[in-house]
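Take the position in the sequence shown, starting the count at 1, then add 2; the result is the number in my numbering. Beta carbons are placed, not taken as given, at the ideal position from N, Cα and C, and that holds for glycine. What you are looking at is a predicted structure, and each value in this text was computed from that prediction instead of being measured. Notes to accompany the following structure.
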Amino acid sequence: MATGSSKGLSSALAGGAETIVACATPRGRGALAMIRVSGPAAATVSRSVCPGVSFEDGWLATLTTLRHPKREVLERAIVIPYPGPRSYTGEDMLEITVHGSSYLIEEVIEAFVIAGARRAEPGEFTRRAVANGKLDLIQAEAIRDLIEADTACQLRNAQRQLSGVLSVDFAEMRESLIELVATIEASLDYEAQGVEVASTEIESLLASCRRRVGKLLATAQAGERIRDGARVVILGPPNAGKSTLFNQLCGSERAIVSPHPGTTRDVIEAELDLAGVRTIIQDTAGLRAEGDAVEAEGHRRALLAADTADVVIQLWAMGGGEPPPTPSAAAPVIKIRSKDDLSGDEGGGDGWLRVSCHTGEGMDELRSRVTTMVEGEIPDLGGAVAIAARHRKALQAAADELEGCDPGCPELAAERARWTVRAVEELIGEVESEDVLDVIYSGFCIGK
């Protein structure tokens with residue numbers, strides 16, 4: 003159930019009187035597929051395609067024979083009717099489970115279209131759920147994130163967001179901002195009547211609003227790591243064993259390994275799941291002063307990758323001369339002495355972990371260190387996390403406006419506070435923006 007209002011989103015249901023149909027399971031070969039129908043004529047079209055199914059017996063699974071208006075019997079299927087408003091969309095709905103033949107799925111959809119439904123647009127079922135107050139806009143985004151979750155961290159955060167935790171925080175923020183606007187405007191009315199008003203209450207409310215916005219904005223960086231993944235970059239001179247280490251961490255031969263220096267010319271990456279966190283491991287070109295134009299470009303890209311990394315693994319091969327300087331990247335650096343099996347040298351320099359991809363020495367410790375650092379990029383926030391890019395953009399804009407609010411200039415402060423309220427209302431769906439809605443729902447599959 004939505005925690006916020008869906009006011010202002012009724013126009014999102016352009017053509018909302020129509021009944022829609024789509025396959026809700028991924029296309030491709032599978033044992034079963036599920037087809038959804040939603041809209042005011044769901045009961046009518048069901049009588050034509052799946053006789054014997056009654057909305058009066060809602061939420062009751064019925065084994066019935068699906069019929070095509072032009073080709074008689076289609077399939078024996080399980081059909082569950084969901085009378086509105088107690089359904090996902092808030093409308094009368096059907097869910098039909100059939101065998102996973104792509105031809106059969108298309109035949110069933112065509113049967114419903116002939117009976118009076120139309121094919122759904124991407125995200126249209128969820129769009130209707132928002133318009134009918136079953137979900138708010140923040141929860142709708144959580145549905146998409148839940149479907150796309152590849153790691154435990156992404157899954158947990160999507161489930162928290164779907165439960166309404168983030169929606170509640172945004173709603174409370176909005177109420178605080180409205181109170182701030184009302185208090186500033188009341189002070190302006192009093193001043194117009196010649197009554198002097200102390201600014202302490204406005205200052206207190208303003209400070210509270212700044213804290214609320216700042217607290218959520220502080221979660222945005224962790225939200226980006228959850229969504230996009232933490233980046234781990236392997237850096238070092240040519241032939242230091244970067245590609246071998248990259249393959250070891252990936253568990254497969256992703257990069258070409260050669261005894262000839264300069265084999266890797268570009269950034270190669272692979273995605274891992276480290277302790278439930280999406281992690282992007284990047285192998286880079288070797289760093290050295292000499293080289294042709296292509297190698298110089300690889301050098302530039304390697305340093306750029308390090309500048310945007312969350313963790314840098316710096317390699318220094320045994321017998322590779324003096325240790326290289328620590329990268330200037332802001333990310334924490336794990337210093338590795340690679341090819342440990344090729345040298346009896348007991349040294350390695352202070353803080354350098356001895357690793358051999360050939361014998362496996364030091365690999366468990368390296369994985370442990372990388373995992374710890376990656377986990378450190380995703381603190382256990384427990385509650386709401388502003389994960390979407392539009393969340394961060396709106397929160398940053400709100401923070402900037404509140405920072406510019408000066409109780410000493412109440413007219414300007416009121417205008418800034420009103421703008422902030424509108425930004426938050428657009429964020430949670432209190433006011434509609436068709437462009438925002440189109441972007442959000444375009445990321446959904448057809449049957450969701």
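| When DSSP labels each residue in this structure, what does Pro-42 get in the three-state scheme? | Three-state result, Pro-42: coil.
| Whose C-beta lies closer than 7 angstroms to the C-beta of Pro-42 among residues of the same chain, with five residues either side of it excluded? | Contacts found: Ala-19, Thr-21, Glu-93, Asp-94.
| query | Going by beta carbon distance, what residues of the same chain come within less than 7 angstroms of Ala-54, once the five residues before and after it are set aside? | reply | Note on residue identity: the sequence assigns Gly, not Ala, to residue 54. Cβ neighbours of Gly-54 within its own chain (closer than 7 angstroms, five residues either side excluded): Thr-64, Thr-66.
| task | Have a look at Leu-157, Thr-286, Leu-164, Tyr-84 and flag the residue whose alpha-carbon is nearest the alpha-carbon of Ala-242. | result | The option with the nearest alpha carbon to Ala-242 is Thr-286.
| C-alpha gap between Glu-108 and Cys-52, whole angstroms | If I take the Cα positions, the gap works out to 15 angstroms.
| request: For the alpha helix (DSSP H) holding Glu-226, just list the boundary residues, first then last. | output: Its alpha helix (DSSP H) spans residues 222 to 230.
| Buried or exposed by the 16-neighbour rule on C-beta atoms within 10 Å, applied to His-393 | By the neighbour-count rule (16 or more Cβ atoms within 10 Å), His-393 is buried.
| query | Would you report the Cα separation of Val-115 and Ala-44, rounded to the nearest angstrom? | reply | Rounded to whole angstroms, Val-115 to Ala-44 spans 11 angstroms at the Cα level.
| The beta strand (DSSP E) enclosing Tyr-90, as first and last residue numbers | Taken as a continuous stretch (DSSP letters only), Tyr-90 belongs to no beta strand (DSSP E), as it is neither H nor E.
| field | Beta-carbon proximity of Cys-407 to Ala-401, cut-off 7 angstroms | value | No, Cβ-Cβ distance for Cys-407 and Ala-401 is not below 7 angstroms.
| request: Would you identify the three-state DSSP class for Ile-204, choosing helix, strand or coil? | output: Helix at Ile-204.
| field | Inter-residue CB distance, Leu-237 and Ala-304 (contact presumed, cutoff 8 angstroms) | value | About 6 angstroms; that satisfies the 8 angstroms criterion.
| Just how far apart, CA to CA, sit Ser-103 and Met-36? | Rounded to whole angstroms, Ser-103 and Met-36 show a C-alpha spacing of 11 angstroms.
| Given that a residue counts as buried once 16 or more other Cβ atoms are within 10 Å of its Cβ, and exposed if not, what is Leu-317? | With 16 or more other Cβ atoms within 10 Å, it is buried.
| Under the three-state reduction of DSSP, which class applies to Arg-162: helix, strand or coil? | Arg-162: helix per DSSP, three-state reduction.
| At what residues does the beta strand (DSSP E) containing His-70 begin and finish? | For His-70, the enclosing beta strand (DSSP E) covers residues 64 to 70.
| query | Does the separation of the CB atoms of Pro-409 and Ile-145 fall below 7 angstroms? | reply | Not closer than 7 angstroms, so no.
| query | Measuring CA to CA, which of Pro-412, Arg-49, Ala-119, Ile-315 is closest to Ser-245? | reply | Ranking the options by Cα distance to Ser-245, first place goes to Ile-315.
| Where Glu-177 falls, given that 16 or more other Cβ within 10 Å makes a residue buried | Classification for Glu-177: exposed.
| task | Could you tell me which of Val-313, Gly-300, Ala-319, Val-100 sits nearest to Pro-329, measuring between CA atoms? | result | Nearest Cα to Pro-329 within the set Val-313, Gly-300, Ala-319, Val-100: Val-313.
| field | Reference Glu-143, options Val-132, Thr-361, Gly-278, closest by Cα | value | Considering only Val-132, Thr-361, Gly-278, the residue with the shortest C-alpha distance to Glu-143 is Val-132.
| said: Suppose only complete runs of 4+ residues qualify. What are the alpha helix (DSSP H) ranges in the segment 380 to 412, listed by chain order? | reply: Counting only runs of 4 or more residues that sit fully inside the segment 380 to 412, the alpha helix (DSSP H) segments are 391 to 405, in chain order.
| query | By Cβ distance below 6 angstroms, which residues in the same chain neighbour Leu-429 in space, the five residues on each side in sequence not counted? | reply | If you ignore the 5 residues before and after Leu-429, its C-beta comes within less than 6 angstroms of the C-beta of Ala-396, all in its own chain and listed in chain order.
| Looking at the structure shown, is Thr-99 part of a helix, part of a strand, or coil, going by DSSP? | If DSSP states are grouped into helix, strand and coil, Thr-99 belongs with the strands.
| said: Using only the alpha-carbon positions, how far apart do Pro-334 and Phe-172 sit? | reply: Between the alpha carbons of Pro-334 and Phe-172 lies a distance of about 33 angstroms.
| task | Check whether the Cβ atoms of Ala-154 and Gly-231 sit closer than 7 angstroms, and answer yes or no. | result | No, these two residues do not count as a Cβ contact at 7 angstroms.
| field | Simplified DSSP assignment, three categories, for Ser-340 | value | Per DSSP, reduced to three states, the secondary structure at Ser-340 is strand.
| message | For Glu-112 and Gly-216, what's the separation of their Cα atoms in angstroms? | response | Glu-112 and Gly-216: Cα-Cα distance of roughly 51 angstroms.
| message | Bridge partners for Pro-83 per DSSP, in chain order? | response | According to DSSP, residue pairing for Pro-83 in a beta bridge involves Leu-96.
| query | Do the segment 268 to 284 and the segment 364 to 383 meet, that is, are 3 or more Cβ pairs less than 8 angstroms apart? | reply | The segment 268 to 284 makes contact with the segment 364 to 383: 3 or more CB pairs, one atom from each, lie closer than 8 angstroms.
| In the DSSP assignment, what residue or residues form a beta bridge with Val-335? | Val-335 is bridged to Val-314.
| Inter-residue Cα distance where the pair is Val-357 and Glu-299 | Roughly 29 angstroms separates the two Cα atoms.
| Asp-309 (DSSP reduced to helix, strand or coil) | Here Asp-309 sits in helix by DSSP.
| query | Based on Cα-Cα distance, which residue from Asp-152, Ala-319, Leu-139 lies nearest to Gln-163? | reply | Checked all of Asp-152, Ala-319, Leu-139; the closest Cα to Gln-163 is Leu-139.
| said: With distance defined between alpha-carbon atoms, name the residue in Thr-202, Arg-233, Glu-150, Arg-212 nearest to Ala-307. | reply: Selection Thr-202, Arg-233, Glu-150, Arg-212 evaluated against Ala-307 yields Arg-233 as nearest (Cα-Cα).
| said: For Gly-253 and Leu-274, I'd like the C-alpha separation in whole angstroms. | reply: Taking the CA atoms as reference points, Gly-253 sits about 10 angstroms from Leu-274.
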